[in-house]
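K.L.:
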Amino acid sequence: MAGQLATCPLKSHTGKVKVFAQFIAAATDVSHFPAPSPPEVAFLGRSNVGKSSVINSLLSHKVARTSSTPGRTRGINFYAIRWPGRPRPDLFFTDLPGYGYAKVSHELSAGWQKFIEPYLKQRPTLALCISLVDPNIPPQPGDQQLCEFLRAIGRPHLVVATKVDRISNNQLQPSLQRLKEALGTEHILSYSARTGTGRDELWKQIRRAVAGESPLAEPSPLADSLGRTPSPS
Ligand SMILES: Nc1nc2c(ncn2[C@@H]2O[C@H](COP(=O)(O)OP(=O)(O)O)[C@@H](O)[C@H]2O)c(=O)[nH]1
Ligand SMILES: [Mg+2]
Numbered sequence: 734m735a736g737q738l739a740t741c742p743l744k745s746h747t748g749k750v751k752v753f754a755q756f757i758a759a760a761t762d763v764s765h766f767p768a769p770s771p772p773e774v775a776f777l778g779r780s781n782v783g784k785s786s787v788i789n790s791l792l793s794h795k796v797a798r799t800s801s802t803p804g805r806t807r808g809i810n811f812y813a814i815r816w817p818g819r820p821r822p823d824l825f826f827t828d829l830p831g832y833g834y835a836k837v838s839h840e841l842s843a844g845w846q847k848f849i850e851p852y853l854k855q856r857p858t859l860a861l862c863i864s865l866v867d868p869n870i871p872p873q874p875g876d877q878q879l880c881e882f883l884r885a886i887g888r889p890h891l892v893v894a895t896k897v898d899r900i901s902n903n904q905l906q907p908s909l910q911r912l913k914e915a916l917g918t919e920h921i922l923s924y925s926a927r928t929g930t931g932r933d934e935l936w937k938q939i940r941r942a943v944a945g946e947s948p949l950a951e952p953s954p955l956a957d958s959l960g961r962t963p964s965p966s
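Numbering (the numbering used here), first residue to last: 734 to 966.
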């Protein structure tokens, strides 16, 4: 499958560089996962929160399918990202199935045990989990559960508030404060796929995680330099 050319500000001091982004697999079973290779960044959150839109916005290209119908992504979609002139991908992005809609919750809870939880717990190259939340609505129990789970398994983890173009600045700050308290995090990065707000900062956090640094001020004592957690024995 041909790679798609996308751009991202990976070299923030030297201007934009082009990257190749390519869909490589949709996995509904552990056996479908591509072999672990470069560091990986997972995008998680409720259905419709804007996971696919954030991926497309980061890559400046419509690589991931977006939809106004909740629950469209049933598997984990893997995307390979490669800098020009490099023989192999430098990074994988993964777009995970959304949670929070009754219609798909049964299917998702089966999928959670079958391949999502194993992915989050055992994927050796998973360097960062980006948990997307919507500041236009109150904190959701599913978001709290996910953050607690990621903390419990010791995964480097960053909360990103999506669709901030839809909320006034006056309302955004109290909403972020409520989310921080509900999710037990000190930092939430504001993002809009529509306007590009937060894009450079999120790339910076991704680069930090890929380099083995903790996202923002949330240390992950269990993670090693690649963000790997000890494998379960
Ligand atoms: N206004 C606005 N709408 C957004 C933004 N990001 C996503 N959306 C819309 O929200 C809906 C769901 O987005 P999608 O990326 O498919 O969500 P996913 O289910 O989490 O992958 C789509 O109709 C998008 O156009 C954003 O930053 N601003
Ligand atoms: Mg999606």
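Glycine included, C-beta positions come from ideal geometry on N, C-alpha and C.
Please read these numbers as outputs of a predicted model, since none were measured by experiment.
Would you list the residues sitting across from Asn-781 in a DSSP beta bridge?
P.N.:
Per DSSP, none; premise fails for Asn-781.
K.L.:
Per DSSP, what are the beta-bridge partners of His-890 in this structure?
P.N.:
Cys-862
K.L.:
Let me know if Ser-901 comes out buried or exposed under the rule of 16 or more other beta-carbons within 10 Å of its beta-carbon.
P.N.:
exposed
K.L.:
Whole angstroms is fine: what's the gap from Leu-959's alpha carbon to Ile-939's?
P.N.:
Unreliable positioning characterises Leu-959 in this predicted model, as indicated by a pLDDT of 36, which lies under 50. A coordinate reading is not provided.
K.L.:
Got a sec: does ligand 2 put a non-hydrogen atom nearer than 6 Å to the Cβ of Ser-770?
P.N.:
Ser-770 Cβ: outside cutoff for every heavy atom of ligand 2.
K.L.:
Rounded to a whole number of angstroms, what is the C-alpha to C-alpha distance between Phe-753 and Ala-813?
P.N.:
Whole-angstrom Cα-Cα distance: 8 Å.
K.L.:
Among Gln-906, Asn-869 and Leu-861, which residue has its Cα nearest to the Cα of Arg-884?
P.N.:
Comparing Cα-Cα distances from Arg-884 to each of Gln-906, Asn-869 and Leu-861, the minimum goes to Leu-861.
K.L.:
Taking C-beta to C-beta, are Val-1013 and Leu-912 nearer than 7 Å?
P.N.:
The question about residue 1013 has no answer, for the chain in this structure spans 734 to 966.
K.L.:
Roughly how many angstroms lie between the CA atoms of Ala-956 and Leu-853, to the nearest whole one?
P.N.:
Summary for Ala-956: the model assigns pLDDT 36, below 50, so the residue's position carries little reliability, and this model does not support an answer.
K.L.:
Would DSSP call Arg-815 helix, strand or coil?
P.N.:
strand
K.L.:
Under the criterion of a Cβ to heavy atom distance below 6 Å, does Ser-785 qualify as lining ligand 2?
P.N.:
yes
K.L.:
Per DSSP, what kind of secondary structure is Ser-923 in: helix, strand or coil?
P.N.:
strand
K.L.:
Using only CA atoms, which one of Ala-942, Thr-928 and Glu-946 lies nearest to Ser-786?
P.N.:
Thr-928
K.L.:
Leaving out five residues on either side along the sequence, give the residues of the same chain with a beta carbon under 6 Å from the beta carbon of Ala-797.
P.N.:
Excluding sequence neighbours, Ala-797 sits near Ser-785, Ile-788, Asn-789 and Asp-828.
K.L.:
What are the partner residues of Tyr-832, as DSSP defines its beta bridges?
P.N.:
DSSP lists Arg-779 as partners of Tyr-832.
K.L.:
How about Gly-808 and Thr-858: are their beta carbons less than 7 Å apart?
P.N.:
no
K.L.:
What is the DSSP secondary structure of Phe-763, counted as helix, strand or coil?
P.N.:
In the sequence under discussion, the amino acid at residue 763 is Val, which differs from the Phe named in the question. Three-state DSSP puts Val-763 in a helix.
K.L.:
In this structure, what does DSSP give as the bridge partners for Asn-810?
P.N.:
DSSP lists Ala-759 and Asp-828 as the bridge partner or partners of Asn-810.
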